[in-house]
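2 protein chains.
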Amino acid sequence: MELIGRSFIGNARGQEGGPLLHAINPLTGEPLSPAYAAATAAETAHAVELAAAAAPQLAQTNGKQRAHFLRHVADGLQEAMPELVARAQLETALPVARLQGETARTCGQLRLFASLIEEGSWVDARIDPALPDRHPLPRPDLRSMMRPLGPVAVFGASNFPLAFSAAGGDTASALAAGCPVVVKAHSAHPGTSEIVARVLAHSIAACNMPEGTYSLLYGAGAQVGTALVRHPKIQAVAFTGSLHGGRALMDAAAARPQPIPCFTEMSGVNPVFLLPGIFEHDPVQLAEGIYNSFTLGSGQFCTKPGLIFFTPGAGCERFLARLRELVSSSQPWPLLTPAIAGAYQSCSQLRATQAERSAQAEARDDAPACSARAQLFHVGVKQYLAEPQLAEEIFGPTTLLVECPNDASMIEAATALHGQLTATILGPAQELAAHQQLIALLEAKAGRILFNGFPTGVEVCHAMVHGGPYPSTSDARFTSVGTRAIYRFVRPVCFQGFPDEQLPEELRNGNPCGILRLVDGVSTREAILPKTVR
Amino acid sequence: MELIGRSFIGNARGQEGGPLLHAINPLTGEPLSPAYAAATAAETAHAVELAAAAAPQLAQTNGKQRAHFLRHVADGLQEAMPELVARAQLETALPVARLQGETARTCGQLRLFASLIEEGSWVDARIDPALPDRHPLPRPDLRSMMRPLGPVAVFGASNFPLAFSAAGGDTASALAAGCPVVVKAHSAHPGTSEIVARVLAHSIAACNMPEGTYSLLYGAGAQVGTALVRHPKIQAVAFTGSLHGGRALMDAAAARPQPIPCFTEMSGVNPVFLLPGIFEHDPVQLAEGIYNSFTLGSGQFCTKPGLIFFTPGAGCERFLARLRELVSSSQPWPLLTPAIAGAYQSCSQLRATQAERSAQAEARDDAPACSARAQLFHVGVKQYLAEPQLAEEIFGPTTLLVECPNDASMIEAATALHGQLTATILGPAQELAAHQQLIALLEAKAGRILFNGFPTGVEVCHAMVHGGPYPSTSDARFTSVGTRAIYRFVRPVCFQGFPDEQLPEELRNGNPCGILRLVDGVSTREAILPKTVR
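Chains as they are written, first to last, in my numbering: chain A, 194 to 727; chain B, 194 to 727.
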C-alpha cells in the first residue's frame, strides 16, 4: 500500500501542511519518498483531545477485550512483515534478519502483554473486608486495584524502528494498561511508523476500540514532542533516546502546572568487569564475545558495553591481540542517521585525544554514506578516573578498555560509575564469591547485573529489568521492557464501602475474573464468602 | 527522661549551635522548653553521609532482621506512650484519647510493615529460568526483585505528631524497605519527635542496626529541608504537608543533577456528593456525620471533607438546619500552631466575601490562644464554578456546601475538580447504579472513592490508597499509607546468569524464604527443580 506521509490523528489522517520531513537512506545519504508533513499545533492538540475522550472508554474495557485488540495488532504486524522490513531496511540500513527478528519481537511483546492482561492478576487487587465488630473502631470494606493513568505520550527511538517505536514496548504496555497512546514518530523511520500505525488503525476499527486510542504524529521533537508533554491532558510520558533529549522531557514534565510521570530511558556505558581468572580459560573466545556485543547493531544498542575494566594477567595479551585484530579487520558499520554518523566521528576523534586508540578499522571508499569505522580505545584507570568524559557513551561500534592494576582500583572505578542499565561481571564462578563488594556496588548502580553473559540482547519476559538509576533512566523504580513495564502507566484506586455490583469485576466477592488477590494480606484466588463480608 | 533539644545525628547528638526554635503551646501561646537547636549545614551533611554509609549494610539485612527492629521500635514507643502523649498534648493541644490512639496506630504501622517484610513476598520476586535450547536464541536465566533505593529524607507533618512524623508511616515503610532515614522534624512538635527518636536510637543499638540507619534533624524547612533534598546522597523524599511546601520540594528534587523520586502528600478538599435520595432517610444523622467528619481533629485532617455537593429535595432543609445548628453551637476548636490559626482566620474571612456564611460558632473570650470558630459556607454551583478559589482547601473546622440544581451540574462540578486524596458519594444504594458517570469521573480524580462513609479515618491496611492525582500528591502511582507505601522506596534489580549461592536468598532455587514468586509468569511458592534449571 502506498505511503502518504501524513500523521494519524484518531481515525483520520493529517490534513494541514506543517514543515516537510524526509527519511534519509543511510547507505546513500539520499532522501526517501514520500515527504512527511509535520503535525501542526492544532493537529497535535486534537490528537490529545481524542485520546482524552477515549480514556474513560478504554478504562472501562476489560483485560480480555484489550488482549484481543493487542493480538489483532500483533497479527497485523506479522502479516505486514515483508512490507515493514523492506521499508525499515531503506530507512535504517539494519540487516533484514535483524529487522525480521525485531518485528517478531514486537509481535511477541504485544502478545506477552495480551496474556498478562487476559489472565488479569497483574492489577494487584487487594481486599480488606469490613470488620464491623472491631474495637475501638470498625473497619470499613476496602478494595483496591491498579487503574489506567490516562493518555500517554510515547516517543519512538531511532535504534529500534519496531520494538521501541510506534507499536513498541511503551505503546504495548500503555495500551495493555488501558491508556490511549499518542506517539511522536521518530523522524529517522517515518515510513516504517506509517505502516505500523496503519495496522493499529485497522485493528482499532476491527476491534471496536474508541477513536483516539492511538494517534501517531510526525514532526520535530522540539515542537510536536514538547507540545505533547506540555498538553494538560497528557498524563504520562515514555521516551527512549538520548540523555539530552530525555532530560529535556523530564524537565518539561516536572515544570508543568500538574507534573506528570515521565519515564525516559536514556543512556549508559554498561560497564563490564573482567575478573583476573577470566583470561585463563579462552581469551580468544572472550575477545570475540565482547567484540560481537559492542558492534551488535553497529554499536547502536542502549545496552552496548562501552567500558571494559580488566586486570592484566596470564592470557590477557592474547585477549587484547584478538580484540585489536577483530576491530582492525572489521568492515564499515552502517549507522542509522547522518546525525549519529557525525556524532560518532566527532566523539571518537575527541576520545583519541584522551585515550590510546589501540585499533581502528580501515577507511574504505565504498563505505555507506552513514557509517563508522570500529575503534578500540585503551586507558589506565588513573587517567580514566581523572577524566569524567571517558565514562560517557559513544553511540556506535567502539568501546574503551580500562586497565586496572588490581581489585582495589576496579572497586574505585565501580564506585565512580553513574547509574546504568546494566553492569556485567565475567570470570570463573569460583572467583565471583571473592567479589562481594563489587557485586554490591554494581547492584547499587544498575538495573540488571549479569554474570558471564553480554548485556546486549534484552529478553522480553517477566523478570527483565530494563531500567536503572539516573542517568540511565529518569526513575529506577520502573522498567521499560518486560511485563513490569505496565506499572509505569497505572495507579492504585481504592473503593471503600461500595456495593458488590458497583465494583470493578476484579474486586467483586465472587472473583469472576479468577485472579490472584490479596485478601486480608493473603494471596488467594478464592471468592469472598458472604459470612466474611457479613 | 529530660529533653535536651538537640538533633540525632547517627548515634550522636547535635553539638553545634544553630538557631534556636521553641515549640508553642497552642492553648496558651507560650513557648515550651527546651529550646531546639537547628542542625547546621555540616550536621545535616554528616547525617546524610552516615545514612549513605549505612545503606549498603541495611540493604544486606534480611526481612526478619528488619522486622525484629521495627517491632522493637514499636514496643519502645508503646512503653513511652505516657511520656509521648503528655508532651504531644502540650505541643499540639490534641485530645489525650486521640494521641493515645495515634500512638497505637504508629505502633500498629510499624508492626504491619514488620509482618509484611517478615513474610517476604512483597519483594515481587520473579524468575524466568534459562531456556538453553530455545530457538533461534537461548534464554538466559533472569531473576529480579525489589531492592532498597538508599537514604530517604522524611518530613514530619504538623497534624499527626506521631503517625505521620518521626516514626510515622514514611519512616516505617522506608526502614522496612531497607532504606536509612533522615527525618526533618516538624517544628511544631520537637519534643514529641525527640522522645520518638530516642526510642529509635535505643532500638538501633539493641538490634545492632548500623549507625546512620536513622537521624532526626531540627531546623527550618527552608534550610535543613532544602539541604536534605539537594544532598547528592539522598535518594528519595517523603513529605506530608502543604501544597506550597510540597511543590517546592518536588521542584528541588526534579532540578537536581540526579533527579530523585519525591513523594509529597499535600492537599485536597475531599469532595462529598450527596445523591438526591439521601435526605429521605435520616437527614439529622447525615448532618451529624458530616459535621463530625469536617471537625475531626479540629478539621486539620488531609482527608477533611471541604466541599459538599447536594441537590435540594425532601428532607434537605432539616439536614441544613441541623448542620447550621451544630456549627453555631460548637465550642472553640484548638488548632495546632499560631500559623495555622492565622491562616484559618484570613482564609475564612476571604471565603465570607465569596460565599454565604450560613453558620458560625460564637466568639469566646476563654478560647485557646490558637483556635478556630467552626464555620459553614454555602454557595450555588454556578458561582462555585466561576471562582476557582472556592475549591481551595481551608485547614480547620469549616466546609463549603455547594448547591446543585440537578445531576448535570453535579457532573459539571465533578469534572472541574482537581486531583484529590478521596471523593465520597452518599446516598441510597439503589440510586448509585444511576450514577455511573459520576463514579467514573471521581475514579479519575481521586485515590480513594467512598460510598456511604466519611473520608476522615484512614485505615492502615493492604488495600488502602492514601494518594491521588496532583495536587493531592506528587505521584498518583503511589500511596503513603498501607503496605503498598513500601514501593515508593524500592526498585527492581535483575540478576542474569548468577550462580545460585550468589543470588539474594529470595531468588535462590530452593526458595529458602518460602515466599510467593512469579516463576515463568506463574505465582508459586515452590522451589525450582534442578531439571528446570538444567
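Backbone N, C-alpha and C fix where the C-beta goes; we use that ideal spot for every residue, glycine too.
- Item | B:GLU596 in three-state terms, based on DSSP | The residue given as residue 596 of chain B occupies position 403 in the second sequence. Strand at B:GLU596.
- Opposite B:ARG681 in the DSSP bridges: which residues? Within the second sequence, the letter at position 488 stands for residue 681 of chain B. DSSP, once it has assigned bridges, lists no residue as partnering B:ARG681.
- Coarse secondary structure for A:ASP268, derived from DSSP in three states: Residue mapping note: residue 268 of chain A aligns to position 75 of the first sequence, counting from 1. Three-state result, A:ASP268: helix.
- Message: Please classify A:LEU543 as buried or exposed, where buried requires at least 16 other C-beta atoms within 10 Å of its C-beta.
- Response: As a first step, residue 543 of chain A must be located in the first sequence, where it is residue number 350. That one is exposed.
- Query: How would you label A:ASP326, buried or exposed, when you count the other beta carbons within 10 angstroms and need 16 or more for buried?
  - Reply: Taking the first sequence and counting its residues from 1, the one referred to as residue 326 of chain A is at position 133. Exposed, because fewer than 16 other Cβ atoms sit within 10 Å of the Cβ of A:ASP326.
- Message: Please list, in chain order, the chain A residues whose beta carbon lies closer than 7 Å to that of B:LEU625.
- Response: One-based indexing of the second sequence puts residue 625 of chain B at position 432. Under the 7 Å cutoff, chain A gives PRO692, GLN695.
- Would you mind working out which of A:GLU585, A:PRO561, A:ALA244, A:THR676 sits nearest B:ASP317, comparing C-alpha positions? Numbered from its first residue, the second sequence carries residue 317 of chain B at position 124. Of the listed residues, the one whose Cα sits closest to B:ASP317 is A:THR676.
- Query: What residue from B:LYS497, B:THR296, B:VAL715 has the CA that sits closest to A:CYS654's CA?
  - Reply: Position 461 of the first sequence, counted from the first residue, corresponds to residue 654 of chain A. Considering only alpha carbons, the answer is B:VAL715.
- Task: Closer than 9 Å, Cβ to Cβ, to anything on chain A: give me those residues from the stretch 657 to 676 of chain B, in chain order.
- Result: MET657, VAL658, HIS659, GLY660, GLY661, PRO662, TYR663, PRO664, SER667, ASP668, ALA669, ARG670, PHE671, THR672, GLY675, THR676
- Query: Whose Cβ in chain B lies nearer than 9 Å to the Cβ of A:CYS540?
  - Reply: For the purposes of this step, residue 540 of chain A is identified with residue 347 of the first sequence, where counting begins at 1. Neighbours of A:CYS540 on chain B: none; closest Cβ ~21 Å, over 9 Å.
- Message: Taking CB distances under 8 Å as the criterion, tell me whether A:ASP558 reaches chain B.
- Response: Walking along the first sequence from the start, residue 558 of chain A turns up at place 365. Cβ-Cβ to chain B under 8 Å: no for A:ASP558.
- Query: Who pairs with B:ASP558 in a beta bridge, going by DSSP?
  - Reply: Along the second sequence, read from residue 1 onward, the residue named residue 558 of chain B stands at position 365. B:ASP558 pairs with nothing; no bridge assigned.
- What residue range is occupied by the uninterrupted alpha helix (DSSP H) comprising B:GLU284? For the purposes of this step, residue 284 of chain B is taken as the residue at position 91 of the second sequence. Residues 274 to 285.
- Query: If the cut is a Cβ gap below 8 Å, which residues of chain B does A:GLN689 touch?
  - Reply: Counted from its first residue, the first sequence places residue 689 of chain A at position 496. Within 8 Å Cβ-Cβ: ARG641, ILE642, LEU643, PHE644, GLY646.
- Message: In the DSSP output, what is B:TYR407 paired with across the bridge?
- Response: Numbered from 1 along the second sequence, position 214 holds the residue referred to as residue 407 of chain B. According to DSSP, which records beta bridges pairwise, B:TYR407 is partnered with B:VAL374.
- Of the choices B:PRO697, B:MET339, B:TYR407, whose alpha-carbon is the least far from that of B:PHE682? Against the second sequence, residue 682 of chain B aligns to sequence position 489. The option with the nearest alpha carbon to B:PHE682 is B:MET339.
- Task: Would you grab the beta carbon distance between B:GLN547 and B:GLU580 for me? Rounded to a whole angstrom, and I think it's under 8 Å.
- Result: As a working mapping, residue 547 of chain B is identified with position 354 in the second sequence. As a working mapping, residue 580 of chain B is identified with position 387 in the second sequence. Yes, they are in contact, since the Cβ atoms of B:GLN547 and B:GLU580 sit about 6 Å apart, within 8 Å.
- Item | Residues of the stretch 336 to 367 of chain B whose Cβ lies closer than 8 Å to any Cβ of chain A, in chain order | ARG336, SER337, ARG340, LEU342, GLY343
- Going by the beta-carbon positions, is the gap between B:CYS495 and B:LEU614 smaller than 8 Å? The sequence position of residue 495 of chain B within the second sequence is 302, counting from 1. The sequence position of residue 614 of chain B within the second sequence is 421, counting from 1. Going by C-beta atoms, B:CYS495 is nearer than 8 Å to B:LEU614.
- Alpha-carbon spacing of B:GLY646 relative to A:ALA247, whole angstroms: Translated into the one-based positions of the second sequence, residue 646 of chain B becomes position 453. Translated into the one-based positions of the first sequence, residue 247 of chain A becomes position 54. Each residue's Cα considered, the two are about 31 Å apart.
- Query: Hey, is B:ILE197's beta-carbon within less than 8 Å of any beta-carbon in chain A?
  - Reply: Against the second sequence, residue 197 of chain B aligns to sequence position 4. It does not; no Cβ of chain A falls within 8 Å.
- Message: Quick check: what's the CA-CA separation for B:PHE353 versus B:ALA562?
- Response: The sequence position of residue 353 of chain B within the second sequence is 160, counting from 1. The sequence position of residue 562 of chain B within the second sequence is 369, counting from 1. Answer to the nearest angstrom: the Cα atoms are 20 Å apart.
- Query: Taking all protein chains shown into account, do 16 or more other C-beta atoms lie within 10 angstroms of the C-beta of A:VAL376, making it buried, or fewer, making it exposed?
  - Reply: As a working mapping, residue 376 of chain A is identified with position 183 in the first sequence. Counting Cβ neighbours within 10 Å, A:VAL376 comes out buried, since at least 16 surround it.
- Item | Beta carbon of B:ASP693 nearer than 8 Å to that of B:ASN704 | The residue you call residue 693 of chain B lines up with position 500 of the second sequence. The residue you call residue 704 of chain B lines up with position 511 of the second sequence. Against a cut-off of 8 Å, the Cβ pair of B:ASN704 and B:ASP693 comes out as no contact.
- Message: If we define contact as Cβ-Cβ less than 8 Å, is A:LEU468 a contact residue for chain B?
- Response: The residue you call residue 468 of chain A lines up with position 275 of the first sequence. By this cut-off, A:LEU468 is not an interface position.
- Message: Please list the terminal residues of the continuous alpha helix (DSSP H) segment that includes B:CYS300.
- Response: Residue 300 of chain B sits at position 107 when you count from the first residue of the second sequence. Residues 289 to 312.
- Task: Could you name the residues of the same chain whose beta carbon sits closer than 8 Å to that of B:ALA356, not counting the 5 residues immediately before and after it, in chain order?
- Result: For the purposes of this step, residue 356 of chain B is taken as the residue at position 163 of the second sequence. Same-chain partners within the cutoff: GLU295, ARG298, THR299, GLN302, GLY362.
- Task: Since I believe A:SER200 is in contact with A:GLY210 (beta carbons under 8 Å), could you give me their beta-carbon distance rounded to a whole number of angstroms?
- Result: Along the first sequence, one-based indexing puts residue 210 of chain A at 17. Along the first sequence, one-based indexing puts residue 200 of chain A at 7. Between A:SER200 and A:GLY210 the Cβ distance is about 11 Å, and since that is not below 8 Å, they are no contact.
- Thinking C-alpha only, which one of B:ILE632, B:GLN576, B:THR592, B:GLY434 is nearest B:SER665? By one-based count along the second sequence, residue 665 of chain B stands at place 472. For B:SER665, the nearest C-alpha among the options comes from B:GLY434.
- Query: What are the partner residues of B:GLU458, as DSSP defines its beta bridges?
  - Reply: By one-based count along the second sequence, residue 458 of chain B stands at place 265. Answer is B:THR433, B:THR666.
- Counting only runs that start and end within the stretch 622 to 655 of chain A, where is the alpha helix (DSSP H) found for 4 or more residues in a row? 622 to 625, 629 to 638
- Answer with yes or no whether the minimum CB distance from B:GLU698 to chain A is below 8 Å. Reading the second sequence from its first residue, position 505 is the one you call residue 698 of chain B. No, B:GLU698 does not count as interfacial toward chain A.
- Message: 8 Å is my cut-off, CB to CB: does B:LEU610 come that close to chain A?
- Response: For the purposes of this step, residue 610 of chain B is taken as residue 417 along the second sequence, with counting starting at 1. So, not an interface residue.
- Would the beta-carbon of B:CYS372 fall within 8 Å of that of B:PRO341? Looking up residue 372 of chain B in the second sequence gives position 179. Looking up residue 341 of chain B in the second sequence gives position 148. The answer is yes: Cβ separation under 8 Å.
- Cβ of B:GLU473 less than 8 Å from any chain A Cβ? Counting from 1 along the second sequence, the entry for residue 473 of chain B is found at position 280. Closer than 8 Å: no.
- Message: Let me check understanding here. Comparing Cα to Cα, which of B:GLY222, B:ALA507, B:THR488 lies closest to B:ALA381?
- Response: Within the second sequence, numbered from 1, the residue matching residue 381 of chain B stands at position 188. For the residues B:GLY222, B:ALA507, B:THR488, the minimum Cα distance to B:ALA381 belongs to B:GLY222.
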